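The opening position of the sequence shown corresponds to residue 1 in UniProt numbering, with each subsequent residue numbered one higher.
No residue lacks a Cβ here, since even glycine has one placed at the ideal position from N, Cα and C.
Quick caveat: nothing in here was measured; it's all calculated off a predicted structure.
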Amino acid sequence: MGRNQENTPLYDALDQFTASRPMSFHVPGHKNGSIFPYQSKGQFESLLPLDLTELSGLDDLHAPRGVIDEAQKLAAEFFRADASHFLVGGSTAGNLAMILSVCSPGDKMIVQRNSHKSIFNGLELAGAKPVFVAPEFNTASDRYIAPGTESMKLALYEHPEAKAVVLSYPDYFGKTFALREIIELIHEYDIPVLVDEAHGIHFSLDKAFPDSALVLGADAVVQSAHKMAPAMTMGAFLHTQSERISSRRVEHYLQIIQSSSPSYPIMASLDLARSFLAKLTLDDLRVILESADEVRDILDSSEFWNVSPGDDPLKITLHSKPGIPGEAIAELFEQEGVYPELATHNQLLLIHGLGPFKEMNRLKKAVSRVAAQLKNIPNHDIINTNNIFKERITELDLDYFSLKQHQPIQVPLRKAEGYIAAEAIIPYPPGIPFVLKGERITSSHIKIIEQFMQQGVTIQHRNIENGISVLR
């Protein structure tokens with residue numbers, strides 16, 4: 001018989017402990033919330049008593065034998081994994097551990113080129129030699145989505161010795177691709193498939209959503225619970241379900257990467273979020289999806305953007321008309337108290353939660369006021385990104401080991417053509433590197449980066465206003 005998914009063993013243990021009015025002669029220093037800056041104590045007072053440490057009965061994330069162990073087993077059963085691990089460092093921690101667990105320095109790894117920066121950081125930490133598979137440009141969504149099957153076939157044919165393939169599913173906007181077909185292709189080579197499913201934890205629910213990567217056969221999957229489920233920021237899961245993945249190595253690297261003082265509030269929120277998902281009924285989901293449809297209809301009432309179709313009904317993408325930057329629309333929405341998830345040069349992403357939205361009239365008024373103000377916005381240059389990835393299969397121009405042997409210098413952006421990037425250039429969000437550390441900078445890169453900066457796109461790269469970091 002399966003476990004009762006209504007149970008929340010870790011949260012219950014914390015709740016019972018705080019109810020016993022314990023006297024704290026241990027860390028943390030706020031002493032169950034009794035010592036805390038006065039001006040903010042009211043905001044934190046209900047949370048601080050749960051912010052505990054590895055006391056009797058509260059278990060230890062790095063050697064779970066009690067309530068944390070039971071909470072993780074409940075998660076594994078719900079998500080249909082062999083094992084599930086709580087992450088207190090977000091999906092980033094899971095992606096790092098997942099990659100480090102399958103490869104050693106010098107090993108080849110086949111990687112989706114438009115992955116999150118944490119994937120590339122994991123490859124660098126591992127000393128791997130990545131082989132990048134370019135994503136295909138999707139005209140309907142006006143974005144790069146994922147590698148095509150033929151490109152993956154080519155990568156596997158050229159690099160059958162690869163230790164793993166790393167994919168991202170779905171993308172930030174909820175767009176999916178033929179993941180099952182690609183996983184089956186990769187498994188013909190007996191190569192493990194690692195999936196960053198940061199944006200798809202709710203795919204574990206009803207068929208109203210696409211299938212999850214675990215259901216589709218991935219060997220290891222990372223999910224951000226805090227993105228779509230009601231968990232605290234930095235709460236995530238790492239799931240495994242294959243003998244191709246060493247559980248011993250996964251646990252080893254999680255101990256290295258994760259804090260030795262993991263946050264109990266974050267872990268308890270993971271326990272609660274899993275139970276929340278498990279208890280959602282078909283009627284609950286119907287109400288949620290009807291609400292999302294109504295929000296989509298309200299947003300799809302402007303001449304300045306279209307609402308793009310998508311695979312995830314909770315992701316609502318506004319595609320701006322040519323010459324109107326997504327960032328400008330986002331700024332106007334924020335002035336009306338509406339805060340989107342992200343804006344790009346031509347798109348705006350709004351995320352509906354796993355509960356009904358209750359301010360439809362306020363949203364209608366905000367949309368109307370934003371549309372009125374956009375009539376006064378001057379047109380901007382159109383940024384064309386549909387020809388960034390010209391080759392299907394690529395490798396770094398300088399590998400991670402060689403990068404360490406060179407001294408970086410800073411050069412003006414317009415003079416950077418031909419240099420190798422010493423630091424990634426990352427529009428954030430979504431956090432997908434536009435230029436990778438170790439890639440050669442082209443004139444196309446420079447042109448688009450300049451356009452990003454002119455339109456106010458946030459770019460993660462130290463002092464990019466004064467130039468970019470390259471190798472001599």
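- The alpha-carbon of Val-295 is positioned some 17 Å away from that of Gly-174.
- Pro-408: member of the beta strand (DSSP E) spanning 408-411, first to last residue.
- If one requires a minimum length of 4 residues, the alpha helix (DSSP H) runs lying completely within the segment 188-273 are 225-228, 247-257, in chain order.
- Residue state for Asn-361 is assigned as helix, using DSSP reduced to three classes.
- One thing to note: Gly-127 has its Cβ within 8 Å of the Cβ of Phe-401.
- Bounds of any alpha helix (DSSP H) do not take in Asn-32, whose DSSP letter is neither H nor E.
- If you look at Met-453, you'll find it isn't in any beta strand (DSSP E); it sits in the alpha helix (DSSP H) that goes 443-454.
- DSSP places Glu-6 outside both helix and strand once states are collapsed to three, so it counts as coil.
- Under the DSSP assignment, Phe-44 falls in the alpha helix (DSSP H) whose first and last residues are 38-44.
- By a beta-carbon distance limit of 8 Å, Ala-424 contacts Leu-436. Their separation comes to about 6 Å.
- When DSSP assignments are scanned along the segment 43-94, the uninterrupted stretches of alpha helix (DSSP H) that are 4 or more residues long and fall wholly within it turn out to be 67-79.
- Here Lys-153 has Leu-185 as same chain residues with Cβ atoms under 8 Å from its own Cβ, once five neighbours each way along the sequence are excluded.
- Rounded to whole angstroms, the gap between the alpha carbons of Pro-135 and Gln-112 is 7 Å.
- Look at Lys-404 here: in three-state DSSP terms it is coil, with no helix or strand label.
- Around Asp-60, the same chain offers Glu-54 as residues with beta carbons nearer than 6 Å, after the five sequence neighbours per side are excluded.
- Across the structure, Pro-430 and Gly-456 are spaced so that their CA atoms are roughly 14 Å apart.
- Under the three-pair Cβ rule at 8 Å, the segment 139-150 does not count as touching the segment 191-208.
- Between Tyr-38 and Glu-45, the alpha-carbon positions lie close to 10 Å from each other.
- Judged by DSSP in its simplified three-state form, Phe-434 adopts coil rather than helix or strand.
- Counting along the chain, no beta strand (DSSP E) covers Leu-125; the unbroken alpha helix (DSSP H) around it starts and ends at 117-126.
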